[in-house]
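Numbering (full-length UniProt numbering), first residue to last: 1 to 248.
Using N, Cα and C, we set each Cβ at its ideal position, and we do this for glycine too.
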Ligand code: NAP
């Protein structure tokens with residue numbers, strides 16, 4: 001059976017590392033992005049240069065019709081999807097609750113929560129035995145913020161990741177008998193652009209001393225866990241969470 005994966009936000013950071021590793025493991029990889037076509041193109045070029053198969057797919061995961069069109073395009077091009085990595089997420093600057101606007105909260109939730117739900121829905125429609133599918137696996141990229149939080153930081157973001165955890169548990173139960181496994185990873189402080197663009201450049205280095213392992217993580221370290229959860233090696237694992245947070 002062909003292994004066909006979609007990585008949302010596969011153009012940069014954790015998504016990029018995951019897309020590259022999946023390709024190395026023999027998956028055909030759809031690299032989703034929203035704005036940065038060049039970054040997505042680079043990931044695709046890197047995969048194809050190493051003999052793999054990849055395509056860039058532009059879609060804003062918070063838009064229902066764009067998500068539907070993205071899945072339809074992948075299936076029409078390659079056939080049924082077997083793996084989904086729900087990874088694309090956003091984070092705005094640190095803020096106490098007094099300064100949170102409804103607009104900001106809704107933007108975070110529509111990408112980090114509604115976007116994950118929509119992609120899960122489309123994946124289940126393709127993979128589920130009930131719909132004639134062959135089964136598959138989903139990994140949701142949550143965050144250590146869902147269980148740790150931090151005063152005055154990103155409570156909207158932490159809440160969105162709490163919803164991702166609940167989605168993971170609930171959906172894993174709902175689709176276990178349909179041949180679909182649903183798990184999550186919860187990274188801690190990882191060296192990616194998310195802290196430079198939305199949060200704070202240099203944040204990982206500023207706070208890493210407070211971690212038991214006293215260092216930030218690399219996107220590749222998160223990718224290893226995601227790819228394992230998607231693999232046959234994890235065939236009896238569903239509804240599980242892997243914390244990749246340096247011991248915190
Ligand atoms: P990143 O470097 O900022 O990259 C974000 C990726 O998501 C980019 O590929 C971006 O596409 C894409 N994206 C953003 N909004 C999108 C949308 N509406 N539709 C489709 N794609 C969208 O992020 P990262 O740090 O790798 O984070 C990836 C995931 O890990 C997120 O869910 C984040 O919450 C989680 N996480 C990260 C950390 C960390 O320390 N970095 C820790 C815990 C959890 P463009 O390139 O087109 O902009």
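- The beta carbons of residue 3 and residue 76 sit no closer together than 8 Å.
- Counting only runs of 4+ residues, the alpha helix (DSSP H) found wholly inside the region 100 to 141 occupies 102 to 109 and 115 to 127, in chain order.
- When only Cα atoms are considered, residue 33 and residue 8 end up about 7 Å apart.
- Of all C-beta pairs linking the region 61 to 78 to the region 129 to 139, fewer than three are shorter than 8 Å, placing the two stretches out of contact.
- Taking a contact as a CB-CB distance under 8 Å, the pair residue 104 and residue 144 does not count as one, their CB atoms being some 21 Å apart.
- In the DSSP annotation of this structure, the continuous segment of the beta strand (DSSP E) that includes residue 29 starts and ends at 28 to 33.
- Residue pairing for residue 241: DSSP places it in a beta bridge opposite 184.
- For residue 91, no beta strand (DSSP E) run applies, since DSSP gives it neither H nor E.
- Under the DSSP assignment, residue 14 falls outside any beta strand (DSSP E), being part of the alpha helix (DSSP H) whose first and last residues are 13 to 24.
- Residue 154 sits in a strand when the DSSP states are folded into three classes.
- Residue 223 sits away from residue 47, with the two beta carbons spaced by 8 Å or more.
- With contact defined as three or more Cβ pairs closer than 8 Å, the region 35 to 49 and the region 84 to 101 are not in contact.
- Between the region 133 to 141 and the region 224 to 234 there are three or more inter-stretch CB-CB distances shorter than 8 Å, so the stretches are counted as touching.
- Cβ atoms of residue 70 and residue 59 come within 8 Å of each other, at about 4 Å.
- Separation of residue 165 and residue 108 (C-alpha to C-alpha, rounded to the nearest whole angstrom) is 15 Å.
- Bounds of any beta strand (DSSP E) do not take in residue 218, whose DSSP letter is neither H nor E.
- Under the DSSP assignment, residue 42 falls in the alpha helix (DSSP H) whose first and last residues are 37 to 49.
- Per the DSSP secondary-structure output, residue 84 pairs in a beta bridge with 6 and 138.
- Of 102, 21, 26 and 119, the smallest CA-CA separation from residue 62 is found for 119.
- Collapsing the DSSP output to three states places residue 97 in a helix.
- Spanning the alpha carbons of residue 208 and residue 246 requires a straight line of approximately 9 Å.
- The Cβ atoms of residue 146 and residue 239 lie no closer than 8 Å to each other.
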